[in-house]
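Report on the following structure.
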Amino acid sequence: MLWCQKEKLPLDFVSWHEYFQPADVIAGQAKAFRDYLAEFPELQKTVRSFMITEWNEAWWADRPQDHEIGAAYCADCIVRAFIPNGIDRPCFFYVKQNDMNFRGDYSLLMANNVPKASYNVLKVFNGLSGRWVELSGGDGEVTGVAAWDPSKNRLAVVLVNFQYRYGIRRHVRLQIEPVPAALAGGSWREWTVDATHSNIWNDPGQPEKAELTETSHGPLNRGLTWERTLAPYSVTLLELTAAQTAR
Numbered sequence: 037m038l039w040c041q042k043e044k045l046p047l048d049f050v051s052w053h054e055y056f057q058p059a060d061v062i063a064g065q066a067k068a069f070r071d072y073l074a075e076f077p078e079l080q081k082t083v084r085s086f087m088i089t090e091w092n093e094a095w096w097a098d099r100p101q102d103h104e105i106g107a108a109y110c111a112d113c114i115v116r117a118f119i120p121n122g123i124d125r126p127c128f129f130y131v132k133q134n135d136m137n138f139r140g141d142y143s144l145l146m147a148n149n150v151p152k153a154s155y156n157v158l159k160v161f162n163g164l165s166g167r168w169v170e171l172s173g174g175d176g177e178v179t180g181v182a183a184w185d186p187s188k189n190r191l192a193v194v195l196v197n198f199q200y201r202y203g204i205r206r207h208v209r210l211q212i213e214p215v216p217a218a219l220a221g222g223s224w225r226e227w228t229v230d231a232t233h234s235n236i237w238n239d240p241g242q243p244e245k246a247e248l249t250e251t252s253h254g255p256l257n258r259g260l261t262w263e264r265t266l267a268p269y270s271v272t273l274l275e276l277t278a279a280q281t282a283r
């Protein structure tokens, strides 16, 4: 920032690396950078992105990166730190490990593009579109986000159950009353990433089960009341769509 000010250069983005730290620490880092930028008003005008250009559950080979714990960590960071603090370019480290060994590798994909649980979680978030809508409730373990896309007649809700230590099952009741008028008569579908779904760690001999798994579905009326006991370190996508796009 000092160099750009001195040389009269624009500053296009702010970037840093982070691993392992909880979401509140990452949120604090973003705030600190915004505080620094406030001291440079001309640069503040040119910054277009906050980028974490390396990011994962650990900076060492760590077993949770092979299964649902690392995946839920990523989801918790996205919901509690990235989205509310405008960290719009988080870059997961890294893409592919090219073998099928569980050694806590950093990758999203194993050999033959078999996805890890973390890949499925990022697929869920990358599939969100439209605008954020208010989702009330949650606590230090369970949190979530919701997005409404009127161009697709799609309301998506993502729920995350993550705790750094002593993760436990949590009963959740989600009520949407009423649903958007365009969705009345449509359907809802549920996808789950946890210890037993969408998780190659759980089914190493059946790579087809590593893909993001639909776990339930049903019809929509004027409202929806959805109740589940979320497994520890789990991520759930609930998608509501209009009748013409329902499966």
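Under my numbering, the first residue of the sequence shown carries the number 37, and numbering increases by one thereafter. Positions of the beta carbon are idealized from the N, C-alpha and C atoms, including for glycine.
- Counting C-beta atoms within 10 angstroms of its own C-beta, C110 has 16 or more neighbours from the protein chains shown and is therefore classed as buried.
- Residues L47 and L79 of the same chain have their beta carbon placed closer than 6 Å to that of C40, with the five preceding and five following residues left out of the count.
- Counting C-beta pairs with one atom in each stretch, the region 161-175 and the region 187-202 have three or more that are closer than 8 Å, which means they touch.
- In the DSSP annotation of this structure, the continuous segment of the alpha helix (DSSP H) that includes N156 starts and ends at A153 to N162.
- Apart from sequence neighbours up to five positions away, the residues of its chain that approach G174 with a beta-carbon distance below 8 Å are G180, ordered along the chain.
- Judged by beta-carbon spacing, Y55 lies within the 9 Å limit of W95, meaning their Cβ atoms are closer than that value.
- With at least 16 other beta carbons inside 10 angstroms of its own, G106 counts as buried.
- Secondary structure note for T82: it is in no beta strand (DSSP E), and the uninterrupted alpha helix (DSSP H) holding it is P77 to T82.
- The DSSP-derived three-state label of E226 is strand.
- Comparing alpha carbon positions, the residue from S143, V194 and D135 closest to T228 is V194.
- Within the same chain, and ignoring the five residues on either side of F138 in sequence, the residues whose Cβ sits closer than 6 Å to its Cβ are D102.
- Taking a cut-off of 8 Å on C-beta distances, the region 249-268 touches the region 217-232, as three or more cross pairs fall below it.
- Between the C-alpha atoms of V150 and L158 there is a straight-line separation of about 14 Å.
- According to the DSSP assignment, I105 belongs to the alpha helix (DSSP H) that extends over E104 to C113.
- For W39, the secondary structure class from DSSP, reduced to helix, strand or coil, is helix.
- In terms of CA proximity to D60, Q199 leads the group Q199, A218, R206 and E263.
- Annotation: S234 to P126 spans about 22 Å, alpha carbon to alpha carbon.
- Assignment of Y202 by DSSP, reduced to helix, strand and coil, places it in the coil class.
- By the beta-carbon neighbour count (other beta carbons within 10 angstroms, threshold 16), Q65 is buried.
- In the three-state reduction of the DSSP assignment, V208 falls in the strand class.
- Counted as a single uninterrupted DSSP element, the stretch harbouring Y55 is not any alpha helix (DSSP H) but the beta strand (DSSP E) occupying residues F49 to Y55.
- Within 10 angstroms of the beta-carbon of E213 lie fewer than 16 other beta-carbons, which makes it exposed.
- In the three-state scheme derived from DSSP, where H, G and I count as helix and E and B as strand, E244 is classed as helix.
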